[in-house]
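Asker: Those letters in the sequence shown? Residues 1 to 413, per full-length UniProt numbering, in order. Beta carbons: idealized from backbone N, C-alpha and C, even for Gly.
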Amino acid sequence: MRQYRFSFNTIPLPLAGTIFLLLLFLRHPAAILDANFWGEDGWFWYPDAYKIGVRSLLLPHTGYLQTISRLGGLAAQLVSVRWGPTVFAVIALVVQMLPALFLVSRRFDALWPHYPSRLAFALVYVGLPNSVETSGNLTNSQWYLAILAFLVIVSAPPRGGIGRLGDSVALVLSGLSGPFCILLLPVAVWNWWLDRGREGALRLALVLATTTIQAVMLVQTMGQSRPKGPLGVTLPNLVHIIAMKLVFALCLASHQLERLVRTSDIVAGVLSVAVVTILVLAWRYGTTLFRQFALFGALVFSASLVTPVGAGPSPWVTLGTLGGGARYFVIPLLVVAAAFFTLAATPRGRLSSAGLALCLLMTIGIVRDRSYPHMTPTDFNRVANAFANAPAGTRMVFPVRPEGEKPMVLIKK
1 MRQYRFSFNT
11 IPLPLAGTIF
21 LLLLFLRHPA
31 AILDANFWGE
41 DGWFWYPDAY
51 KIGVRSLLLP
61 HTGYLQTISR
71 LGGLAAQLVS
81 VRWGPTVFAV
91 IALVVQMLPA
101 LFLVSRRFDA
111 LWPHYPSRLA
121 FALVYVGLPN
131 SVETSGNLTN
141 SQWYLAILAF
151 LVIVSAPPRG
161 GIGRLGDSVA
171 LVLSGLSGPF
181 CILLLPVAVW
191 NWWLDRGREG
201 ALRLALVLAT
211 TTIQAVMLVQ
221 TMGQSRPKGP
231 LGVTLPNLVH
241 IIAMKLVFAL
251 CLASHQLERL
261 VRTSDIVAGV
271 LSVAVVTILV
281 LAWRYGTTLF
291 RQFALFGALV
301 FSASLVTPVG
311 AGPSPWVTLG
321 TLGGGARYFV
331 IPLLVVAAAF
341 FTLAATPRGR
351 LSSAGLALCL
361 LMTIGIVRDR
371 SYPHMTPTDF
381 NRVANAFANA
391 PAGTRMVFPV
401 RPEGEKPMVL
411 IKK
């Protein structure tokens with residue numbers, strides 16, 4: 001991204017973090033004020049921690065360790081089950097905020113010197129459209145931890161031991177909370193190759209170590225947690241995925257356009273070619289930072305197409321809808337947004353104008369999707385209060401979001 005000479009007083013990090021947290025909260029207040037367990041939060045993380053305690057940290061799920069979610073389950077044991085979902089939601093919001101905060105820190109002053117555009121991109125991240133599935137729930141915090149890990153890998157070295165310790169914790173926690181360390185390994189190698197310094201070597205070593213652990217877990221559980229049926233691999237399905245998840249989701253235009261994209265292979269194909277062209281141009285004229293992020297996003301996108309979990313009997317058909325498997329496209333969606341910023345920063349007049357226009361178009365999606373859909377209240381609090389007063393051995397069923405999903409079952413100890 002183009003280096004500007006511009007004087008701008010940076011926002012103090014505590015204030016920036018507070019603003020980001022407030023914006024995330026305002027998008028989905030019910031995540032905190034009416035907290036409920038979300039999916040695996042109630043099916044695995046909390047019940048496993050309740051039953052077997054710290055041993056749950058060693059249990060793989062869907063083929064790999066999910067440490068951040070397991071730690072959340074253990075932390076929630078410090079309070080009653082009534083407040084367990086709130087603990088999960090608070091941890092999730094803090095994790096979701098951290099990449100934005102890290103991006104606007106001085107660790108990126110050299111890589112992205114123009115602070116206003118860096119702050120603007122952090123706000124795009126906070127307001128990212130079509131992200132309700134990943135916001136405010138610990139199950140999907142691994143996606144935001146992966147973004148934080150990427151930023152740590154490519155950032156300038158910290159000035160002291162505390163910063164280095166924080167980097168190491170972020171890389172290890174992310175690496176042991178999903179398969180993303182495997183996808184970040186090429187980025188870590190690339191970054192180390194650029195300077196051959198001690199800091200890059202340490203980051204590469206941590207990514208390699210966690211990759212080895214997660215790869216062993218994946219091999220040991222292969223076939224038990226991956227989809228076994230046909231994926232629905234066709235060119236029309238692919239262009240619908242690209243058009244719906246990387247174009248329409250970012251701009252969230254009219255419902256009429258959504259129906260047109262959904263039903264017309266030609267329209268989906270044109271939009272797919274357009275977004276690929278934008279990405280190629282951004283790669284051509286962008287910085288190393290963008291190229292590294294684009295590589296990471298491409299690997300995430302490819303892996304999501306090959307091994308989607310819980311995407312129905314024909315995963316590619318499901319992924320080609322606006323809401324189906326939206327978590328898989330949070331990172332690729334940010335890459336497309338970064339491509340818009342990259343084109344806007346180029347010194348080439350027409351490309352820069354096109355990039356600015358695309359950034360303005362993106363604000364439509366941000367504004368239209370600024371608040372997440374209202375979720376139907378549940379009777380979780382009533383059940384939790386009854387559970388707290390129940391005798392040992394009592395079996396109780398707790399509602400879990402999203403609505404209609406299977407419940408959480410606990411037996412009182």
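For Trp-38, which residues does DSSP report across the bridge?
Answerer: Arg-401
Asker: Touching or not, the segment 359-368 and the segment 304-323, by the rule of three or more beta carbon pairs under 8 Å?
Answerer: Judged by Cβ distances under 8 Å, the segment 359-368 makes no contact with the segment 304-323, as fewer than three pairs qualify.
Asker: Please name the residue in Ser-272, Val-104 and Val-397 whose C-alpha comes closest to that of Ile-11.
Answerer: Considering only alpha carbons, the answer is Val-104.
Asker: Mind checking who Ser-177 pairs with in its DSSP beta bridge?
Answerer: Bridge partners of Ser-177: Gln-66.
Asker: Which of the three DSSP states is assigned to Leu-410 in this structure?
Answerer: strand
Asker: Please return the same chain residues whose Cβ sits closer than 6 Å to the Cβ of Leu-23, not counting the five positions on each side in sequence.
Answerer: Val-126
Asker: May I ask you to verify whether the segment 140-150 touches the segment 337-352, counting CB pairs closer than 8 Å and requiring at least 3?
Answerer: no
Asker: Which partner residues does Arg-395 have in the DSSP bridge list?
Answerer: In the DSSP output, where bridge partners are listed per residue, Arg-395 has Ile-411.
Asker: Going by alpha carbons, who is nearest to Arg-141 out of Gly-404, Glu-40 and Leu-410?
Answerer: According to the sequence displayed, residue 141 carries Ser and not Arg. Minimum Cα distance to Ser-141 is reached at Glu-40.
Asker: Looking at the structure shown, is His-61 part of a helix, part of a strand, or coil, going by DSSP?
Answerer: Note: His-61 maps to strand in three-state DSSP.
Asker: Determine the contact status of residue 458 and Trp-43, defining contact as a CB-CB distance below 8 Å.
Answerer: Here the chain has residues from 1 to 413 only, and residue 458 is not among them.
Asker: Around the Cβ of Glu-403, are there at least 16 other Cβ atoms within 10 angstroms (buried) or fewer (exposed)?
Answerer: The residue is exposed, with fewer than 16 neighbouring Cβ atoms inside 10 Å.
Asker: Determine the direct distance from the alpha carbon of Gly-175 to that of Ala-205, and round the result to whole angstroms.
Answerer: Roughly 12 Å separates the two Cα atoms.
Asker: Run through DSSP, which three-state label would Asp-265 get?
Answerer: Correct three-state label for Asp-265: helix.
Asker: Looking at Leu-319 and the ligand NAD, is the gap between the Cβ and the nearest heavy atom below 7 Å?
Answerer: The ligand NAD is not part of this structure, which contains no ligands at all.
Asker: Do Arg-196 and Leu-171 count as a contact pair if the criterion is CB distance below 8 Å?
Answerer: no
Asker: Throw me the rounded Cβ distance for the Asn-389 and Ala-249 pair, which I believe falls under 8 Å.
Answerer: Going by Cβ atoms, the distance from Asn-389 to Ala-249 rounds to 45 Å, so no, they are not a contact pair.
Asker: Out of Gly-63, Ile-32, Ala-122 and Ala-120, state which residue places its alpha-carbon closest to the alpha-carbon of Thr-86.
Answerer: When only C-alpha atoms are compared, the closest one is Ile-32.
Asker: Report the rounded CA-to-CA distance for Gly-286 versus Ala-76, giving the unit in angstroms.
Answerer: Between Gly-286 and Ala-76, the C-alpha separation is close to 44 Å.
Asker: What did DSSP end up calling Trp-143 once you bin it into helix, strand or coil?
Answerer: helix
Asker: Taking the C-alpha atoms as reference points, what is the distance between Pro-308 and Ala-146?
Answerer: 17 Å
Asker: Please look up how many angstroms separate the CB atoms of Gly-178 and Tyr-64, rounded, as I've assumed it's under 8 Å.
Answerer: 6 Å
Asker: Tell me the residue span of the alpha helix (DSSP H) that contains Asp-48.
Answerer: 46-52
Asker: Please return the same chain residues whose Cβ sits closer than 8 Å to the Cβ of Leu-295, not counting the five positions on each side in sequence.
Answerer: Pro-186, Val-187 and Trp-190
Asker: Between the C-alpha atoms of Phe-329 and Gly-393, what's the straight-line distance to the nearest angstrom?
Answerer: Distance between the alpha carbons of Phe-329 and Gly-393 is about 42 Å.
Asker: Ignoring anything shorter than 4 residues, give me the alpha helix (DSSP H) runs that lie fully in the segment 80-144, in order along the chain.
Answerer: 84-103 and 115-126
Asker: Taking the straight line between their C-alpha atoms, what separation do you get for Ala-243 and Asp-265?
Answerer: Ala-243 and Asp-265: Cα-Cα distance of roughly 10 Å.
Asker: Mind checking which residues open and close the alpha helix (DSSP H) that includes Arg-291?
Answerer: 288-306
Asker: My guess is that Ile-331 and Val-300 are in contact by the Cβ rule of under 8 Å, so how many angstroms apart are they, rounded?
Answerer: 5 Å
Asker: Ignore the nearest five residues each way along the sequence and tell me which others in Lys-413's own chain have a CB closer than 7 Å to its CB.
Answerer: For Lys-413, where only same-chain residues beyond five positions count, the Cβ hits under 7 Å are Ala-392.
Asker: Which value, in whole angstroms, describes the spacing of the CA atoms of Glu-405 and Ala-339?
Answerer: 37 Å
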